[in-house]
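Asks: In the working numbering, the protein residues as written are 1 to 424.
For every residue, glycine included, the Cβ atom is placed at its ideal position computed from N, Cα and C.
Predicted model, so just to flag it, every value in this text is computed and none were measured.
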Ligand code: SF4
Ligand code: SF4
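1) For residue 396, which residues in the same chain have their Cβ closer than 7 Å to its Cβ, ignoring the five residues on either side in sequence?
2) Answer yes or no: the CB of residue 18 versus the heavy atoms of ligand 1, is any distance below 6 Å?
3) Could you give the residue range of the alpha helix (DSSP H) that holds residue 373?
4) Return yes when the Cβ of residue 202 is within less than 7 Å of the Cβ of residue 241, no when it is not.
5) Would you say residue 245 touches ligand 1, meaning its beta carbon is less than 6 Å from a heavy atom?
6) By how many angstroms is the C-alpha of residue 21 removed from the C-alpha of residue 40?
7) Go through the region 318-351 residue by residue and report every complete run of the alpha helix (DSSP H) that reaches 4 residues or more, in order.
8) Going by beta-carbon coordinates alone, are residue 102 and residue 3 separated by less than 7 Å?
9) Using 8 Å as the Cβ pair cut-off and three pairs as the minimum, do the region 176-191 and the region 150-159 touch?
10) Mind checking residue 10: buried by the 16 CB within 10 Å criterion, or exposed?
11) Three or more C-beta pairs under 8 Å: does that hold for the region 357-376 against the region 28-47?
12) For the alpha helix (DSSP H) containing residue 430, list its first residue and its last residue.
13) Let me know if residue 308 comes out buried or exposed under the rule of 16 or more other beta-carbons within 10 Å of its beta-carbon.
14) Got a sec, what are the start and stop residues for the beta strand (DSSP E) residue 160 sits in?
15) Quick check on residue 408: does DSSP put it in helix, strand or coil?
16) Say the cut is 6 Å; is the CB of residue 277 nearer than that to a heavy atom of ligand 2?
17) Taking 6 Å as the cut-off, is the CB of residue 79 close to at least one heavy atom of ligand 2?
18) In or out: residue 300 buried (at least 16 other Cβ within 10 Å) or exposed?
19) Counting only runs that start and end within the region 167-246, where is the beta strand (DSSP E) found for 3 or more residues in a row?
20) From which residue to which residue does the alpha helix (DSSP H) around residue 72 run?
21) Please state if the CB of residue 163 and the CB of residue 89 are separated by a distance shorter than 7 Å.
22) Spell out the partners DSSP gives residue 312 in its beta bridges.
23) Checking the sheet assignment: what are the DSSP bridge partners for residue 34?
24) Give every residue of the same chain whose Cβ lies closer than 7 Å to the Cβ of residue 58, excluding the five residues on either side of it in the sequence, and list them in chain order.
25) With distances taken from CA atoms, which of 361, 93 and 352 is nearest residue 304?
26) Can you give, in chain order, each stretch of the alpha helix (DSSP H) that sits fully within the region 117-159 and has at least 4 residues?
27) Identify whether residue 282 lies in helix, strand or coil by the three-state DSSP scheme.
28) Under the three-state reduction of DSSP, which class applies to residue 28: helix, strand or coil?
29) Out of curiosity, what's the CA-to-CA distance linking residue 253 and residue 29?
30) Once DSSP output is grouped into helix, strand and coil, what is the label at residue 104?
31) Evaluate residue 185 with the Cβ neighbour count: other Cβ atoms within 10 Å of its Cβ, from every protein chain shown; 16 or more gives buried, anything less gives exposed.
32) Classify residue 166 as buried or exposed, calling it buried when 16 or more other Cβ atoms lie within 10 Å of its own Cβ.
33) Does the count of Cβ pairs from the region 136-148 and the region 210-221 closer than 8 Å reach three?
34) Contact check, residue 283 vs residue 386 under 8 Å by CB: the rounded distance?
35) Under three-state DSSP, which class holds residue 457?
36) On the premise that residue 66 lies in contact with residue 112, defined as a C-beta separation below 8 Å, what is that separation, rounded to the nearest angstrom?
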């Protein structure tokens, strides 16, 4: 689609503000009622989904120019998808997230990108990694002492895909290593792509760099197909979303699991057993791309039509992604199964979860906005009285570890795999 194809949606938006707050019947306190980090931080209508629709109309009509201020506003969106869920509480015919990302692509096509985005995309093109400064030659170093089968040389039932963050960040590599050992100890026959392992480029898509995303996705799909991959398991929420939703749209036909889904299943089958107690009160952060954006891709082809020249609908009926079927129970089941852990919930959870701030490339391009967004979540986590904030995504973990809340408070941040490991 092109930006102009979203015009009917721009015109249909009813200015109801549902994209800015969690549903009114779910609000527990005014402090945690908002749910769009972008308008929350910049405090100006253009930064909300509603404002972004209006901005596109104005750009397409030639009333606004794509200057530096507008470029900054367009890219200051974490692509967290809350606006989309909030909008669909009452509306069925607007795709705010798809529009936000298309608007970014419009800016990218016109050469309007942020300085912080350039090294990320250059590194993706040169080294097939979204982390500036990292080299393709070192991508699989994290896996060298693991007995992962190279799927181009021998068969394995499941392909493990670590993603850039777990592959390169020395603080996070051990989590990917633990996840591999955990699955292997439960009898899972694991392989990986070896030299063909590259970035999923899901974040490039979130940032509106469609060509760079498509080039990488096509190459990765070919690699998965050549290696005969039937099931992919990943500990990264961004990779999970990329494979399950974006690659599926491009034709990848494999089963995609996040590590939490697999571990939950193995616990239920009795293949993972806990022997130690972990006395900790924790709260769980739902990563956007595992939670509300973790729903399965449903192929659809059809067209928009009007009933009585008034009501917009689609023929045949179109899938409605409203976050309800994201991955929420598996991580909570794991936490409840670990002896000694008490799970307390934050106010904004599941499809109404607040973003960690790292999405859409904002941790690189808009670090202050990104840190503020993470700090808001730390405030919310601290309000529960939890000892630790647990998540299932390396981008969330890193952003929380680096952030402090409005009072300068931090919280211990753990990947769920670290807790599983402690309890083994
Ligand atoms: S919730 Fe949807 S319809 Fe309401 S203002 Fe936001 S984008 Fe427009
Ligand atoms: S995707 Fe997230 S940050 Fe972007 S406009 Fe929607 S709610 Fe705000």
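Replies: Let me lay it out:
1) 285, 287, 356 and 358
2) yes
3) 367-383
4) yes
5) no
6) 10 Å
7) 329-337
8) yes
9) yes
10) buried
11) yes
12) The first residue shown for the chain is 1 and the last is 424, placing residue 430 beyond what the model contains.
13) exposed
14) 158-160
15) coil
16) no
17) yes
18) exposed
19) 190-192 and 231-234
20) 68-75
21) no
22) 306
23) 21
24) 64
25) 93
26) 117-127
27) strand
28) coil
29) 43 Å
30) helix
31) exposed
32) buried
33) no
34) 4 Å
35) In the structure as shown, the chain begins at 1 and stops at 424. Residue 457 is therefore absent and cannot be evaluated.
36) 5 Å
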